[in-house]
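Trainee:
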Amino acid sequence: MNIAVTGGAGFIGSNFVYYELKNHPEDRIICFDALTYAGNLETLNSAMENPSFKFIRGDITNRKQVETFFENEKPDILVNFAAESHVDRSIENPQLFLETNVLGTSVLLDACRKYSVDRYHQVSTDEVYGDLPLDRPDMMFTEESNLHTSSPYSASKASADLLVQAYERTYKVPATISRCSNNYGPFHFPEKLIPLMIINALNNRKLPVYGDGLNVRDWLYVEDHCKAIDLIIREGHVGEVYNIGGHNEHSNMDVVKMILHELNKPESLIEHVADRKGHDRRYAIDPTKIQTELGWQPETKFEDGIKKTIKWYLDNRSWWEHIMNGEYQHYYERMYGSRKKYVYSSL
Ligand code: NAD
Ligand code: TYD
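Under the numbering used here, think of the first position of the sequence shown as 9, with each following residue one higher.
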């Protein structure tokens with residue numbers, strides 16, 4: 009089988025490439041990625057040595073490039089990870105998120121229609137459901153929860169989901185959608201909470217916690233996510249949405265403190281900074297459907313996954329140091345340089 013992985017040079021896409029090469033050596037994996045700031049060919053170094061893997065640089069918003077890709081590579085399955093994925097950047101520049109996440113998805117769907125595929129899988133997010141209150145731990149997102157977005161990022165992802173469902177119903181594109189909670193693990197770009205905090209702590213830099221730091225995320229080890237997507241594309245039912253989450257809810261402050269503790273660094277490195285605009289309070293996934301229908305279970309407890317992740321960043325310094333030496337420095341200065349600092353005396 010030919011499996012196209014769009015966005016395969018990013019965090020989750022690259023982990024998925026490695027998962028497929030390891031678990032399905034009979035399949036061919038073709039990565040199609042524009043190599044934006046978040047895409048990194050170094051991440052795919054080992055995959056490049058595998059004859060079952062091929063990398064093609066291309067932009068999902070470019071119809072001609074996408075059609076040429078379909079004509080040459082003849083994918084049976086396409087898994088779309090390609091996206092602008094960072095909420096803070098979406099607040100800075102919403103337009104780019106609409107172009108990549110909505111228009112890009114529509115170009116891929118048109119190609120799937122034109123060349124026909126056995127499956128189009130859209131990697132979506134729990135952020136399409138909006139947020140949950142902190143004082144209602146009984147509430148979780150199910151596949152029936154309303155779409156109720158907060159950020160330009162989540163609005164663009166929800167729009168893409170609606171488009172996928174429209175193409176499935178109208179043109180019978182055999183599509184599935186998965187909505188997962190926050191991932192963490194190897195190759196996570198250092199703009200996101202966990203890698204940013206690990207790297208700052210290692211460099212004895214301040215750890216910028218937005219607002220009171222009590223926001224809760226449901227953390228999913230990336231390999232567990234890859235396993236779920238693999239099950240969905242092979243055994244999932246066309247037209248269905250599957251929520252993927254790990255029952256691993258932690259507040260940002262807890263996560264940051266765990267990282268500091270693991271690295272033997274002082275909590276005085278924590279610095280409360282101005283909150284994110286429209287900041288979602290809590291995400292929590294109910295994964296009953298994928299568990300009962302496909303037998304998926306998250307295998308990695310957060311306490312173990314965070315240790316593995318920290319070890320990976322310690323063992324792979326050159327991977328993130330190359331990123332830190334590039335354009336990322338300007339981003340950091342722009343995002344955090346003038347952000348107001350706060351003292352939360354009750355914490
Ligand atoms: P990422 O930002 O690390 O990687 C995105 C990849 O897409 C990069 O390799 C980038 O070069 C590529 N890309 C961007 N624009 C492109 C374009 N126009 N054409 C081709 N390639 C393009 O993202 P990630 O964290 O790996 O997320 C992957 C997917 O999973 C996204 O769709 C995201 O919305 C979704 N998701 C992520 C998380 C998370 O915790 N990271 C959680 C839920 C859902
Ligand atoms: P992030 O990793 O950006 O993922 P998402 O916004 O998609 O959940 O952020 C996770 C949480 O961490 C979120 O509540 C925002 C918070 N956060 C900080 O407190 N400081 C930071 O520097 C970053 C990047 C995030």
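No residue lacks a Cβ here, since even glycine has one placed at the ideal position from N, Cα and C.
Run the proximity test for Thr-113: is its beta-carbon closer than 7 Å to any non-hydrogen atom belonging to the ligand NAD?
Mentor: It does not: the Cβ of Thr-113 is nowhere closer than 7 Å to a heavy atom of the ligand NAD.
Trainee: Could you tell me which residues DSSP pairs with Cys-39 in its beta bridges?
Mentor: Looking at the DSSP assignment, Cys-39 forms a beta bridge with Val-13 and Phe-63.
Trainee: Leu-204: beta carbon under 7 Å from a heavy atom of the ligand TYD?
Mentor: For the ligand TYD, at least one heavy atom lies less than 7 Å from the Cβ of Leu-204.
Trainee: Starting from Ala-168, follow the alpha helix (DSSP H) in both directions and report where the run begins and ends.
Mentor: Start and end: 160-179.
Trainee: What does DSSP give as the partner residue(s) for Ile-278 in the beta ladder?
Mentor: The partner list for Ile-278 (beta bridge, DSSP) reads Leu-215.
Trainee: I'd like the list of long-range same chain contacts for Lys-148, defined as Cβ closer than 7 Å, with 5 residues on each side in sequence excluded.
Mentor: Position check: residue 148 holds Met in this sequence, whereas Lys was assumed. The answer, listed in chain order, is Ala-292, Ile-293 and Asp-294.
Trainee: Do Thr-108 and Ala-91 have their CB atoms nearer than 8 Å?
Mentor: Yes, Cβ-Cβ distance for Thr-108 and Ala-91 is below 8 Å.
Trainee: Note down the Cα distance separating Tyr-45 from His-255, rounded to an integer number of angstroms.
Mentor: Taking the straight line from one Cα to the other gives about 31 Å.
Trainee: What does a CB cutoff of less than 7 Å around Ala-119 pick up in its chain, not counting 5 residues either side in sequence?
Mentor: Cβ neighbours of Ala-119 beyond the five flanking positions: Val-74, Glu-75 and Phe-78.
Trainee: Since Glu-257 sits in a beta bridge, which residues does DSSP pair it with?
Mentor: Answer is Asp-226, bridged to Glu-257.
Trainee: Mind checking Arg-225: buried by the 16 CB within 10 Å criterion, or exposed?
Mentor: By the 10 Å Cβ count, Arg-225 comes out buried.
Trainee: Return the first residue and the last residue of the alpha helix (DSSP H) that Val-95 is part of.
Mentor: Run containing Val-95: 95-100, per the alpha helix (DSSP H) assignment.
Trainee: Is the stretch 198-210 in contact with the stretch 263-281, if contact means three or more CB pairs nearer than 8 Å?
Mentor: Yes: the two stretches touch, three or more of their Cβ pairs being nearer than 8 Å.
Trainee: Span of the alpha helix (DSSP H) holding Ala-292?
Mentor: Looking at the DSSP string, Ala-292 is not in any alpha helix (DSSP H), and its letter there is neither H nor E.
Trainee: Less than 6 Å between C-beta atoms, sequence neighbours within five positions excluded: which residues of the same chain meet that for Met-56?
Mentor: None.
Trainee: Output the distance between the C-alpha atoms of Leu-355 and Gly-244, rounded to the nearest integer angstrom.
Mentor: Model confidence at Leu-355 stands at a pLDDT of 48, short of 50, so the residue's coordinates are unreliable; what they give is reported in the following sentence. Straight-line Cα distance between these residues: approximately 45 Å.
Trainee: Using a 10 Å radius around the Cβ and a threshold of 16 neighbouring Cβ atoms, would you call Asn-260 buried or exposed?
Mentor: It counts as buried.
Trainee: Could you check whether the Cβ of Pro-254 sits closer than 7 Å to any heavy atom belonging to the ligand NAD?
Mentor: As written in the sequence, residue 254 is Gly, which differs from the Pro given in the question. Every heavy atom of the ligand NAD is 7 Å or more from the Cβ of Gly-254, so no.
Trainee: Does DSSP put Lys-349 in a helix, in a strand, or in coil?
Mentor: Strand, per DSSP.
Trainee: Quick one: does the C-beta of Glu-199 sit closer than 7 Å to a heavy atom of the ligand TYD?
Mentor: Yes, the beta carbon of Glu-199 sits closer than 7 Å to at least one heavy atom of the ligand TYD.
Trainee: Classify Thr-157 as helix, strand or coil using the three-state DSSP reduction.
Mentor: It is coil, neither helix nor strand.
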